[in-house]
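Residue numbers (the UniProt record's numbering): 1 to 295.
This is how it looks when you write it as C-alpha cells:
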C-alpha cells in the first residue's frame with residue numbers, strides 16, 4: 001500500500017511539474033514574439049489565423065455547437081488574393097496565443113478599416129460563402145462554444161477592439177503604430193506607448209444562506225444577478241459593497257468571497273463574487289431606475 005501511494009503521488013507530482021513547465025515554455029515564447037518583431041513575422045509564416053469581421057468571429061455550425069475554423073498562412077493569402085488584397089493585410093493581425101508545439105495563433109479582422117491604412121473592408125456575405133461559415137456575434141454564440149475556444153475568441157476580440165479604438169494618440173492626435181504582435185501601440189510624435197486594457201466587472205450572488213437576492217436587470221428575460229463595473233480606485237470588495245447596499249439598503253454587514261475571473265466580451269474581466277448577509281435582513285428597497293423588480 002505504501003509503495004502504491006508513493007508511486008501514485010510521484011506520478012501526480014510529475015504531471016503537475018510537466019503542466020507548469022509547459023505553461024512557462026509557452027509564456028516565454030509569447031513574450032519573445034511580443035518583444036522581437038522579426039521572430040513574430042517568422043511565426044506568422046507557420047502560424048494559424050482566426051478571422052473576424054467587424055469584431056464578429058468566423059464560426060461553423062456543427063449540430064448544436066459552433067466550431068472555430070483556422071486558416072494557415074497560405075490559405076489566408078489565397079483568400080486575400082481572391083478579394084484583391086495582398087499579404088500586407090496580415091500585418092493587421094494580432095497575436096492571441098500559441099500551442100504547446102509553439103505554433104503561433106493570430107486573429108485578423110477583415111471588416112475593420114484602419115484609419116492609417118488604405119486597405120478596405122472585405123464583403124461579409126461573399127467571405128462567408130467562400131469560407132463555409134458565418135460571422136456571428138460572440139455573445140450570441142457564447143454558450144455554444146467550448147471553454148478553450150471561447151476564451152481564445154474573447155482575447156482576440158478584445159485586442160482587435162482595442163486596436164480599432166486606439167489608432168490615434170490622445171495627446172498629440174497623431175496616428176499610432178502597432179507592433180507586429182499587437183501587444184502595444186506607439187506614437188512617434190509624443191513617444192507614448194499604449195498597452196491594451198480591460199475593464200473589471202463584478203457580478204455578485206447575494207444570499208443569506210437560505211435564499212438568494214435575484215434582481216432582473218438589462219439581461220435577457222429569466223437571467224438575474226447584480227453586476228457593475230469597478231469605479232476608479234475601488235477594490236473588488238468595495239464594488240460589491242457599493243452595489244449591494246445601493247440595491248439592498250437593509251442588507252446590513254456582509255462578507256464577500258471572490259472566485260476565479262473570466263474574460264468576457266467587450267473587453268471585460270468578469271469577476272464572480274458571493275456576498276453573504278445575516279439572516280433576517282431581507283427587506284428590499286427597489287430602485288426602479290435600475291431594476292424592474294426584485295424579490
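In this text, a Cβ means the ideal position worked out from N, Cα and C, and glycines have one as well.
Where residue i falls, given that 16 or more other Cβ within 10 Å makes a residue buried
i           : result
residue 277 : buried
residue 178 : buried
residue 120 : exposed
residue 44  : buried
residue 259 : exposed
residue 275 : buried
residue 255 : exposed
residue 116 : Because the pLDDT of residue 116 is 48, which lies under 50, any placement of that residue in the model is unreliable, and the question is left without a value.
residue 201 : buried
residue 165 : exposed
residue 37  : exposed
residue 133 : buried
residue 213 : buried
residue 176 : buried
residue 79  : buried
residue 145 : buried
Under 8 Å between C-beta atoms of residue i and residue j
i           : j           : result
residue 57  : residue 139 : no
residue 181 : residue 203 : no
residue 199 : residue 229 : yes
residue 141 : residue 59  : yes
residue 34  : residue 100 : no
residue 136 : residue 108 : no
residue 154 : residue 263 : yes
residue 206 : residue 236 : no
residue 190 : residue 169 : yes
residue 106 : residue 87  : no
residue 158 : residue 267 : yes
residue 152 : residue 97  : yes
Best match in the options for proximity to residue i [C-alpha to C-alpha]
i           : options               : result
residue 111 : 202, 160 and 184      : 160
residue 48  : 233, 68 and 147       : 68
residue 125 : 71, 100, 54 and 99    : 54
residue 210 : 35, 279, 65 and 109   : 279
residue 65  : 193, 103 and 147      : 147
residue 149 : 50, 46 and 275        : 50
residue 73  : 97, 104 and 62        : 104
residue 239 : 270, 263, 212 and 213 : 270
residue 77  : 46, 267 and 63        : 46
residue 85  : 113, 185 and 61       : 113
residue 123 : 212, 132, 83 and 41   : 83
residue 29  : 95, 62 and 167        : 95
residue 70  : 63, 52 and 62         : 52
residue 39  : 187, 75, 173 and 102  : 102
residue 130 : 174, 22 and 75        : 75
residue 171 : 163, 192 and 151      : 192
residue 195 : 173, 167, 32 and 174  : 167
residue 81  : 98, 242, 127 and 163  : 127
residue 247 : 225, 31 and 41        : 225
residue 163 : 174, 185, 143 and 208 : 185
Delimiting residues of the beta strand (DSSP E) encompassing residue i
i           : result
residue 51  : 48-53
residue 96  : 94-98
residue 274 : 268-277
residue 164 : Unbroken run through residue 164 is the alpha helix (DSSP H), 147-165; no beta strand (DSSP E).
residue 228 : 227-229
residue 210 : From DSSP, residue 210 is part of no beta strand (DSSP E); its letter is neither H nor E.
residue 262 : 262-264
residue 107 : 104-109
Residue span of the alpha helix (DSSP H) that contains residue i, given as start and end
i           : result
residue 206 : Careful: residue 206 lies outside any alpha helix (DSSP H), inside the beta strand (DSSP E) at 199-207.
residue 188 : Unbroken run through residue 188: none, as it is neither H nor E.
residue 238 : 236-247
residue 128 : 124-131
residue 141 : 138-141
Near the ligand NAP: residue i beta-carbon under 7 Å from a heavy atom
i           : result
residue 277 : Among the components of this structure there are no ligands whatsoever, and the ligand NAP is therefore not found.
(message) Suppose only complete runs of 3+ residues qualify. What are the beta strand (DSSP E) ranges in the stretch 60-88, listed by chain order?
(response) Listed in chain order, the beta strand (DSSP E) runs fully inside the stretch 60-88 are 65-67, counting runs of at least 3 residues.
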